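*Asks:* Chains as they are written, first to last, in the numbering used here: chain A, 1 to 174; chain B, 175 to 599.
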Amino acid sequence: MSRWWTALPLAVMAAVPIWTAPSAPIVAIEAVACLVCALGISRSMTGPATAGSVIAVIGYAVALWSAGPGIDVIGAALFGTALLFLLDLHEFARRFRGADIANEVLRAQTAYWLGRAASIAVAVAALAAGGFVLSLLVPGAGRAVVAGLGAVLAFAGALNAGIVRRPGDISPEA
Amino acid sequence: MIMRATPLAFSLATLIAWILFLDILVDRAELFVAAIPLAVGLTSLVPARRMPRFELRQRISADRLSEGDRIVVSLTVSALDPIPMIEILTVLPALVELEAGHNRVVLAAEAGQEVGSSFQVACPARGRFDLGVIYIRLWDRSGLSVIEMRRATSRPISVYPAVARIRRVPQPVRTQFSIGNYVSPRLGEGIEPGEIRRFLPGDRTRHINWRASLRRGQLYVTQFHEERNADVVLLLDALSETGAAPHSTLDLSVRAAAGIANAYLARKDRVGFVEFGAFLRWIDPATGRRQSDVLAEGLLPAATHFSYVVPQLDRLPGRMLPRQALVIALTPLLDERFVTAVIDLMARGFDVIVLAISPIESTQRVLGRSPANDIACRLWEIEWREKADALRRRGLAILEWHPDMALEAALAPLARSRPRWAARR
Numbered sequence: 001m002s003r004w005w006t007a008l009p010l011a012v013m014a015a016v017p018i019w020t021a022p023s024a025p026i027v028a029i030e031a032v033a034c035l036v037c038a039l040g041i042s043r044s045m046t047g048p049a050t051a052g053s054v055i056a057v058i059g060y061a062v063a064l065w066s067a068g069p070g071i072d073v074i075g076a077a078l079f080g081t082a083l084l085f086l087l088d089l090h091e092f093a094r095r096f097r098g099a100d101i102a103n104e105v106l107r108a109q110t111a112y113w114l115g116r117a118a119s120i121a122v123a124v125a126a127l128a129a130g131g132f133v134l135s136l137l138v139p140g141a142g143r144a145v146v147a148g149l150g151a152v153l154a155f156a157g158a159l160n161a162g163i164v165r166r167p168g169d170i171s172p173e174a
Numbered sequence: 175m176i177m178r179a180t181p182l183a184f185s186l187a188t189l190i191a192w193i194l195f196l197d198i199l200v201d202r203a204e205l206f207v208a209a210i211p212l213a214v215g216l217t218s219l220v221p222a223r224r225m226p227r228f229e230l231r232q233r234i235s236a237d238r239l240s241e242g243d244r245i246v247v248s249l250t251v252s253a254l255d256p257i258p259m260i261e262i263l264t265v266l267p268a269l270v271e272l273e274a275g276h277n278r279v280v281l282a283a284e285a286g287q288e289v290g291s292s293f294q295v296a297c298p299a300r301g302r303f304d305l306g307v308i309y310i311r312l313w314d315r316s317g318l319s320v321i322e323m324r325r326a327t328s329r330p331i332s333v334y335p336a337v338a339r340i341r342r343v344p345q346p347v348r349t350q351f352s353i354g355n356y357v358s359p360r361l362g363e364g365i366e367p368g369e370i371r372r373f374l375p376g377d378r379t380r381h382i383n384w385r386a387s388l389r390r391g392q393l394y395v396t397q398f399h400e401e402r403n404a405d406v407v408l409l410l411d412a413l414s415e416t417g418a419a420p421h422s423t424l425d426l427s428v429r430a431a432a433g434i435a436n437a438y439l440a441r442k443d444r445v446g447f448v449e450f451g452a453f454l455r456w457i458d459p460a461t462g463r464r465q466s467d468v469l470a471e472g473l474l475p476a477a478t479h480f481s482y483v484v485p486q487l488d489r490l491p492g493r494m495l496p497r498q499a500l501v502i503a504l505t506p507l508l509d510e511r512f513v514t515a516v517i518d519l520m521a522r523g524f525d526v527i528v529l530a531i532s533p534i535e536s537t538q539r540v541l542g543r544s545p546a547n548d549i550a551c552r553l554w555e556i557e558w559r560e561k562a563d564a565l566r567r568r569g570l571a572i573l574e575w576h577p578d579m580a581l582e583a584a585l586a587p588l589a590r591s592r593p594r595w596a597a598r599r
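#1: Could you spell out where the beta strand (DSSP E) holding N403/B opens and where it closes?
#2: With 8 Å as the threshold, decide whether the Cβ of A174/A is near any Cβ in chain B.
#3: Out of curiosity, what's the CA-to-CA distance linking A521/B and R238/B?
#4: Let me see if you follow: with CB-CB separation under 8 Å, is F79/A close to chain B or not?
#5: Could you check whether Q294/B and V343/B sit closer than 8 Å to each other, using their CB atoms as the reference points?
#6: Pair every Cβ in the region 90-103 of chain A with every Cβ in the region 120-135 of chain A, then say whether three or more of these pairs are closer than 8 Å.
#7: Can you find a C-beta in chain A that's less than 8 Å from the C-beta of W554/B?
#8: When you compare only the Cα positions, how much space is there between L570/B and D525/B?
#9: Assign Q486/B to buried or exposed, taking buried as 16 or more other Cβ atoms, counted over all protein chains shown, within 10 Å of its Cβ.
#10: Going by alpha carbons, who is nearest to A67/A out of V152/A, A147/A and P22/A?
#11: If contacts are defined as beta-carbon pairs under 8 Å, then R325/B and I310/B qualify, I think. What distance do you get, rounded to the angstrom?
#12: Is R315/B close to chain A, meaning its C-beta is less than 8 Å from at least one C-beta of that chain?
#13: For V145/A, does the count of other Cβ atoms within 10 angstroms reach 16, so buried, or fall short, so exposed?
#14: Of all the residues that make up the region 51-69 of chain A, which are near chain B by a beta-carbon distance shorter than 9 Å?
#15: Can you tell me which of the three DSSP states A389/B falls into?
#16: Report all residues from its chain with a CB closer than 6 Å to the CB of T327/B; omit the five preceding and five following residues, and keep chain order.
#17: Compare the C-beta of T6/A against all C-beta atoms of chain D and say whether one is closer than 8 Å.
#18: Whose Cβ in chain A lies nearer than 9 Å to the Cβ of R202/B?
#19: My output table needs one value for S149/B: the three-state DSSP class, helix, strand or coil.
#20: So Q109/A and R278/B are in contact, right, with Cβ under 8 Å, and what is the actual spacing, rounded?
#21: I want to see whether chain A comes within less than 8 Å of L249/B, judged by CB atoms only; does it?
#22: Assign Y482/B to one of two classes, buried (16 or more other C-beta atoms within 10 Å of its C-beta) or exposed (fewer than that).
#23: In chain order, what residues of the same chain lie with their CB nearer than 8 Å to the CB of L490/B, ignoring the 5 residues before and after it?
#24: Assign E288/B to one of two classes, buried (16 or more other C-beta atoms within 10 Å of its C-beta) or exposed (fewer than that).
#25: I need the straight-line Cα distance from E204/B to L196/B, nearest angstrom please.
#26: Distance check for L374/B and S387/B, CA to CA, integer angstroms please.
#27: Does A21/A have its Cβ less than 8 Å from a Cβ in chain B?
#28: May I have the straight-line CA-CA distance separating L114/A from F85/A, to the nearest angstrom?
#29: Is DSSP giving S291/B helix, strand or coil here?
#30: Exposed or buried, which one is H605/B when buried takes at least 16 other CB atoms within 10 Å?
Right under this line is the structure:
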């Protein structure tokens, strides 16, 4: 798979903040982000690609800070999906660079990515809807409690994934 | 076997943390929403409870080949469990070149399925190589975790030196006692007529030389020279080497030694081999097809090793250097220790021929062409020829061989005839 497929999510990643708040500083930040990402992609290095994504997030945060009060869920979901696919495609191209990839692998991987895009859309929609319902049901003071509960649950999930199921905890078969 | 998270997992975790931090800082819900796809991506990082079971088989089309030959390496993965992605890297030794296909492949297999891949490699240089070292990575679809392992099984291949066909080789001055192809100075049973002498009781009547007998008025018989074989010892200079494999002077020497050995063995001669390097290694003289294989195996690992020790030919067992043997020394004339040893052999009465292999072309191939290099190489060639001439003046039979000429042409000056008087001294 050509690493230049990453140009598509890269373009989306740069376009969303500029579309949110079109201004010279945002364009400059996103241009720098694109350049750093392009460096990482051309050199097959994960570090610069991640750094470029981090800069792009800064640009998006600045754009949101300077934009109006309205919430753009679709733009935000697109931005996040673009970041995910940028890193995923770049890493796929990087780790298999110079290798002969069987067509079945590419077909199955493309299907996996499409499925993941669909699951992201469902997750964003469900969380947005859940958040809207919660905002209607829970009073202002209780929202902080719900947010804290969510943070605790997320932390517990991370612990479960990272510590309870240790990477070495697999059977040494084959 | 190692299982680890990939850089992608750390990148996603970093980005999520950074987005949530900025979310708190600018207090906008969009950043939280932007983190959701990354969090969905990161949830795929679930370590496998059990590694997928599979069998990997490797097949090599040939394990004994000659320099320049090609082999096909086939890999087959039989999956017992579904394998989303298996990356297989067959490590190629330095002197084995990939010619067609890929030695690094990414395959996928369903449970019970067999998938495979093959590639072709060329082996331009002699040696023993192992193609059995394989690195395997089992990736999950998310690319967030990987299982790595190394499988090392012995898959040796032997690449023997290419043997040039030589029809005429230098004639040995002295022969041995077994029947062979050389006309011995000794008189006896043979087909080569020698001197004529008076008939004595016991002489065969069919040896009577009727023409001489009629002319002299009494019976004369023709004596015949015996046809005998010879002992040949190939003395390989492994003290010095210049150039890069497969065109180094040692590679050329080994190729020449293999060709000369085969030519003498075809004449029923006994051929032995001595590697004169940091340590002495030898193969006893013998004859026949088996000896050809033994010599090919013996020549395979010939290499230069640095040492301050000067090897002594005196330490060789007596059977290794028979007194009547023809010693053919193969050397680029770079190390004085070898030249001294050859002169010493000559002084001890051995019949010595030096095949001087020019080191200039091998070095030039590594250096590349430039005016400065060309001039340096020309000066070196003049110096090298002067060294060869100096040895000629000391009585050594020197044959110069440049890689661009046929080996048989280099051996031709001594292939026609060698002074018969030398055999009687």
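Virtual Cβ for every residue (Gly too), placed ideally from N, Cα, C. Keep in mind it's a predicted model, so treat the numbers as computed, not measured.
*Replies:* Straight from the coordinates:
#1: Taken as a continuous stretch (DSSP letters only), N403/B belongs to no beta strand (DSSP E), as it is neither H nor E.
#2: Bear in mind that the predicted position of A174/A carries a pLDDT of just 37, short of 50, making it too unreliable to give a figure here.
#3: 41 Å
#4: yes
#5: no
#6: no
#7: no
#8: 9 Å
#9: exposed
#10: P22/A
#11: 6 Å
#12: yes
#13: exposed
#14: S53, V54, V57, I58, Y60, A61, V62, L64, W65 and A67
#15: The sequence shown places Arg at residue 389/B, not Ala. It is helical.
#16: G306
#17: The chain inventory of the structure shown lacks chain D, comprising the protein chains A and B.
#18: A61, L64, W65, A67, I71 and A76
#19: Residue 149/B is absent from the structure shown; chain B starts at 175 and stops at 599.
#20: That pair is no contact at about 17 Å.
#21: no
#22: exposed
#23: V448, L454 and W456
#24: exposed
#25: 11 Å
#26: 13 Å
#27: no
#28: 11 Å
#29: strand
#30: It is not possible to answer for residue 605/B, since the shown part of chain B is limited to 175 through 599.
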